[in-house]
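Right, one structure below, let's go through it.
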Amino acid sequence: MKKKNKTMERLTSEQKVSHFRLRKAKKFWLVSGSLLTIALGSGGLVFATQQSNASLPASTTVNWDLATSIGHVTLSTGEADSMTLLTLGDGTPVYCLSPGVPLATASTSAEQDETNAIWSQLTDSQQAIINNIAYLANKQGASSNNMELYWGARLAIWAELDKWGAISTSVVGFGDLNAGFSSNQIVAYQNQLTNQALQLTEQPSFSGSTVSLIQGVSKTVTDSNSVLSNFPYVQSNVSGLSETVSGNNLKLNADITSALGVNKNAITFANMGLGASDRPFFIYSTNGDSSGEVSQPVIASQDPAVNSAALNVNIIGLGETTLTKADADTNSSTPQGEASLSGAVYQLFNKNGSAVKWSDGQDGYPITATAGTKADDTAVVLKMGSDLQLGVKNLVNDQAYYWQEMTAPEGYSLSTKHYAVSFDASSSFDNSTSNYEDKETASDQVAVFSFMFDKVQDVNGSLTGLNGAEFTLTPQTGTKGKALVVTSGTGTDSNGYTVNGLTTFDGAANHAAGNADQDGIPIGDYLLTEITTPDGVSPINPISITSTPNQDSNGNPTSYTVVFKDTGTGQVITTQTIQAKTLTDNDLMFKVNLGSLTDKPVTPVVPTIQTKAHTADGDQTVEANEVSTKTPMYDQVTLTNATKGEEQVAQLHRIVTDDSGKTTSDKVVATVNFTVDDATVKSQENEVQTKVDTSKDNQVSEGSSVTYVWTESLFDAGANTKTATPAAKHDALTDKAETISSPTGHTQVSTNAIEAKTNQKLTDTYQATGLTVGQSYTVKVTGAWDQQKGKVVPATGSLTFKATSTSMTVKVPITVNATGLGGDDLTMLEDLVDATGRLIVSNQSHADQKETFHVTPSTPLQKILNIYLPKTGENLTLTNVLACLGTALVGAGLVFLLRKNIHRAWRFLQYRFRK
């Protein structure tokens, strides 16, 4: 410990230091002993420079002067060498390469000699390090005035040569330093110069690598070795590729003119100016000794060793193409007729005609659709949507391409035109996709047709052309465009004949109407009508023109069918079918001559009347609940061609018909007058109504029926309706639509008497009129009216039947509970209802003799009377009357005898009945 402290005192004092040793550890020369570290960084040093203005001499001398010695070094051979300053003849400091090899004199001859044995065995990088140490030392002021720096450089050079095995003798220490010199400083300079020399040989971290650069997009590359500032000479070797250096950052930009792909040595870097690669190292052999073993070789340096680097750049050029669809005539996205611009299918081809594939994109930048729908998984084929655009991005932008239409949209012809795609310096740049842009507009011509016909009049079977008839062709719903108006005239038809009445609808007529297309009428739906007709003839029926596309499974049109039809008769005039493939660079589907369209003489317009009668509840039956002295009755009138001011007269007839169908009465029970007004002219409808007495309809003779029938007449305005002939009438009294039925019902019981017992059976004959054929009805017994008791007593019975005619007679079974009603007279009460239960006829009269019968008491006398009293309908002769009276007297006597003696009476009855 004490020795070390003493050593530190000597090293840090101004006294001369002797016998100071060096040792080698981890490839660095270190001062032995514990020394205070002196930090000498490389910051602020300029390592790159322009070439020296003057070159060093080829022949000179190497000089030394013991007066400059600051101490001595100890060699591995044990010898000591003085630490003097060596210079060339011009005073340039030089540095020994081989420790221990002498210089014969203080001024020894020297010649430049890069073949020196010691120098020749070094690699390029080793030579560069040795040169750079010498250069840095001179640059930083190594001289007699800074011997510490000078000897730091000498020790650094020897240490490197010793490390590489280039010399046999090494320095193991130094000592006897003159006062004012520091061994620590010398060693610090040694380490500093070594590090700086190594740094001057280091290259940027990206040197030799390849970076990808997209045209139009700048990219910054950072030198992680932090040596980029040592290379002030930076050059781009690719046209269109530029660079900018800021600190350790290299910013690259490539425009569209730059070559795509990997550009080797695209950017080069150098620490020296142009021609620096030819700069020699200044190695001197002395005294003619190239071996360096007899006379000391030295190195002088004015420039750093040449250091260069290069960066490869893979330039990627991206191109984006967008195709927009337009109508060739309107030059806009608005289609004509019923056509649609969406749905077109386009394919992208290379300039040489080969198909562009989705897989053709550059690495990391696949070709991608930007608009439209992919229609093929291999080739770039797109189907256009409603936005009328399709496109792709990431094409190789130094190539040329073209779009071609493969399928035309519905209603358009297919174009074979090529839409070229290319990219150059004038192309705009899309920052969002990093693509140069090419925008094209593709247009198609709408499919069109034309037609003609002869407008003629039929005169006694001879067709004569009519000029001056005006026709309009009106687009229907879904078909765009303005209506065409054409007047028939004299012209040349499709057969080359000059005819009158020629009417042509073609491109000229379409354009004259203000529509864009001049080749024909755009595909669509139209209605042809005659709007101006020559006097004395009627117009033709309107003709409809309908266009229907036929499609394949992908929704692409394969053909079109166009039908011309007479809307009045439904007759198809002509049908045209056009294959879509024939519409290639051709927009005309067809020209057709419809032949002669004939006008007929004008037939006067005649009004008509149709009516429908009904009651208040809407049907044609006066039901029981509607029977009154003021039953409403209506007639719904439908007119045609009625004009304002005409007089309408409606009459309601009451018609009675007997059971044979003969009309026994026809009376007009109501008359309604009506003047046609504006509302009726517009609707051609009105309703008339009145009220009539229907309360006596059920009182007509048995078998007769009652109906009410409306009749309508229409008279010209101002005509006398009592004397004039109607312009139209509807007066058929047998018209069921005009008839309202007033049903009747008549009944007749089948017996005059029943016994005063339960479940007495009888039959009622029911005759109904005014029935609706096909409808079901039910006759229902509601009870029996007891004339003596003045009330309804129980009776049941019903019968349901289906009307097969308007008048029917049915038999209704009846059950009466007559217990306790002996001696009373009963009248049956009945209703007729329809299938819904509505009351049609009510037979509830208490005084109807045809519905009345007697209830006979259950006694022996009664039985006798029943035996001998005549039945209804028997002939009452005098003998029969006397017999009846006798029988009655006998009966009376029997009653008297019974009261006297039952036994005698019984014997009497036995005897009497035996007689």
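For the sequence shown, the UniProt record's numbering assigns the number 1 to the initial residue and increments by one for each residue that follows.
Note that CB positions come from ideal geometry on N, CA and C, so glycine has one too.
Jot down the residue ranges of each uninterrupted alpha helix (DSSP H) in the segment 161-237, minimum 4 residues, whole runs only, in chain order. 183-201
Original post:
For the beta strand (DSSP E) that contains LEU714, what are its first and last residues?
Top reply: For the purposes of this step, residue 714 is identified with residue 714 of the sequence shown, where counting begins at 1. Here the beta strand (DSSP E) through LEU714 covers 705-715.
**Prompt:** Could you give the distance in angstroms between the alpha-carbon of GLY507 and the alpha-carbon of TYR419?
**Reply:** Taking the first residue of the sequence shown as 1, we reach residue 507 at position 507. Taking the first residue of the sequence shown as 1, we reach residue 419 at position 419. Roughly 28 Å separates the two Cα atoms.
Inset, instruction - Pull up the distance between the alpha-carbon of THR321 and that of TYR412, whole angstroms please. - result: Taking the first residue of the sequence shown as position 1, residue 321 is located at position 321. Taking the first residue of the sequence shown as position 1, residue 412 is located at position 412. So the two alpha carbons sit approximately 23 Å from each other.
- prompt: At what residues does the alpha helix (DSSP H) containing TRP119 begin and finish?
  reply: On the sequence shown, residue 119 is found 119 positions in, with the first residue counted as 1. Its alpha helix (DSSP H) spans residues 117-120.
Unbroken beta strand (DSSP E) runs of length 3 or more, entirely within the segment 53-118: which are they? 59-64, 72-75, 80-82, 86-88 and 107-112
Bounding residues of the beta strand (DSSP E) (the contiguous stretch that carries SER683): Looking up residue 683 in the sequence shown gives position 683. From DSSP, SER683 is part of no beta strand (DSSP E) but of the alpha helix (DSSP H) over 678-683.
- prompt: If you draw a straight line from the alpha carbon of ILE316 to that of GLY261, how long is it in whole angstroms?
  reply: In the sequence shown, residue 316 corresponds to position 316, counting from 1. In the sequence shown, residue 261 corresponds to position 261, counting from 1. For ILE316 and GLY261, the distance between alpha carbons rounds to 6 Å.
Can you name the start and end residues of the alpha helix (DSSP H) that SER125 belongs to? Start at 1 with the first residue of the sequence shown, and residue 125 comes out as number 125. 124-139 is the span of the alpha helix (DSSP H), which, as asked, contains SER125.
| Taking just the CA atoms, how far does ILE186 sit from GLN121? | Start at 1 with the first residue of the sequence shown, and residue 121 comes out as number 121. Start at 1 with the first residue of the sequence shown, and residue 186 comes out as number 186. So the alpha carbons of these two residues sit roughly 28 Å apart.
*asked:* Assess contact between the segment 428-444 and the segment 579-586, defined as three or more Cβ pairs (one per stretch) separated by less than 8 Å. Is contact present?
replied: no
Residue range of the unbroken beta strand (DSSP E) whose run includes ALA509
For this step, residue 509 is matched to residue 509 along the sequence shown. From DSSP, ALA509 is part of no beta strand (DSSP E) but of the alpha helix (DSSP H) over 507-512.
Would you mind working out which of LEU252, ALA266, THR201 and ALA326 sits nearest ALA310, comparing C-alpha positions? Within the sequence shown, numbered from 1, the residue matching residue 310 stands at position 310. The option with the nearest alpha carbon to ALA310 is ALA266.
Discussion item. DSSP has ARG654 in a bridge; who is on the other side?
Written reply: Locating residue 654 in the sequence shown gives position 654, counting from the first residue. Partner(s): LYS667 and TYR708.
Proximity winner among GLY175, THR68, ASP81 and GLU202, relative to ALA142 (alpha-carbon distances): Working through the sequence shown from its first residue, we reach residue 142 at position 142. Among GLY175, THR68, ASP81 and GLU202, the Cα nearest to that of ALA142 is on THR68.
- Between the segment 490-500 and the segment 524-537, do three or more beta carbon pairs fall short of 8 Å? no
**Q.** Buried or exposed (CB count within 10 angstroms, at least 16 for buried), ILE531
**A.** On the sequence shown, residue 531 is found 531 positions in, with the first residue counted as 1. Classification for ILE531: exposed.
query: Which term fits GLN203, buried or exposed, when burial requires 16 or more other beta carbons within 10 angstroms of its beta carbon?
result: The residue you call residue 203 lines up with position 203 of the sequence shown. Classification of GLN203: buried, given that the 10 Å Cβ count is 16 or more.
Apart from the five residues just before and just after THR60, which ones in its own chain have a Cβ nearer than 6 Å to its Cβ? By 1-based counting over the sequence shown, the position of residue 60 is 60. Excluding sequence neighbours, THR60 sits near LEU88, GLY89 and ALA110.
Span of the beta strand (DSSP E) around SER560:
Looking up residue 560 in the sequence shown gives position 560. Going by the sequence as given, residue 560 is Tyr instead of Ser. Residues 557-566.
- Please determine, among ALA728, THR809, GLN190 and LYS667, the residue with the shortest C-alpha to C-alpha distance to SER638. By one-based count along the sequence shown, residue 638 stands at place 638. The sequence given here has Thr at residue 638, not Ser. Nearest option by C-alpha distance: ALA728.
With burial defined as no fewer than 16 other Cβ atoms inside 10 Å of the residue's Cβ, what is the status of TYR708: buried or exposed? Mapped onto the sequence shown, residue 708 falls at position 708. Label assigned to TYR708: buried.
Query raised in the report: Would you say VAL62 and LEU97 are within 8 Å of each other, going by their C-beta atoms?
Result: By one-based count along the sequence shown, residue 62 stands at place 62. By one-based count along the sequence shown, residue 97 stands at place 97. No, the Cβ-Cβ distance between VAL62 and LEU97 is not below 8 Å.
Check: Are the segment 336-345 and the segment 239-256 touching by the rule of at least three beta carbon pairs closer than 8 Å?
Finding: no
As assigned by DSSP and simplified to three states, the class of LEU149:
Residue mapping note: residue 149 aligns to position 149 of the sequence shown, counting from 1. Helix, per DSSP.
### Query
With DSSP run on the structure shown, which of helix, strand or coil describes ILE157?
Within the sequence shown, residue 157 is the residue found at index 157, counting from 1. In this structure, ILE157 counts as helix in the three-state DSSP scheme.
Beta-carbon proximity of LYS383 to GLY372, cut-off 8 Å
By one-based count along the sequence shown, residue 383 stands at place 383. By one-based count along the sequence shown, residue 372 stands at place 372. In this structure, GLY372 lies closer than 8 Å to LYS383 by Cβ.
request  = Quick one: residues in its chain with C-beta nearer than 8 Å to the C-beta of LEU341, no 5 flanking neighbours on either side, listed in chain order?
outcome  = The residue given as residue 341 occupies position 341 in the sequence shown. Result list for LEU341: LYS325, ALA326, ASP327, SER333, PRO335, MET384, LEU388, PRO409, TYR412 and ASP444, in chain order.
Exercise. Span of the beta strand (DSSP E) holding GLU623?
Worked result: Stepping through the sequence shown from its first residue, residue 623 is reached at position 623. Note, GLU623: premise wrong, no beta strand (DSSP E); not H, not E.
- Those residues which DSSP pairs with PRO813 across a bridge: The residue labelled residue 813 in the question sits at position 813 within the sequence shown. DSSP lists THR763 as partners of PRO813.
Among residues of its own chain, excluding the 5 on either side of GLN457, which ones have a beta-carbon nearer than 6 Å to its beta-carbon?
Against the sequence shown, residue 457 aligns to sequence position 457. For GLN457, where only same-chain residues beyond five positions count, the Cβ hits under 6 Å are THR464, LEU466, VAL537 and ASP599.
- For VAL668, the nearest candidate out of VAL676, HIS653, SER858 and GLN196 (CA to CA): The sequence position of residue 668 within the sequence shown is 668, counting from 1. Nearest C-alpha to VAL668: HIS653.
### Message
DSSP three-state label for GLN362, please.
### Response
As a working mapping, residue 362 is identified with position 362 in the sequence shown. Looking at GLN362 - three-state DSSP - the assignment turns out to be strand.
*Measuring from the CB of ASP454, is there a heavy atom of the ligand MN at a distance below 7 Å?*
For the ligand MN, the structure offers nothing, since it holds no ligand at all.
Item to check | Euclidean distance between Cα positions of THR796 and THR611 | outcome: As a working mapping, residue 796 is identified with position 796 in the sequence shown. As a working mapping, residue 611 is identified with position 611 in the sequence shown. One C-alpha to the other measures close to 43 Å.
- Are there three or more Cβ pairs, one per stretch, closer than 8 Å when the segment 780-787 is compared with the segment 749-759? no
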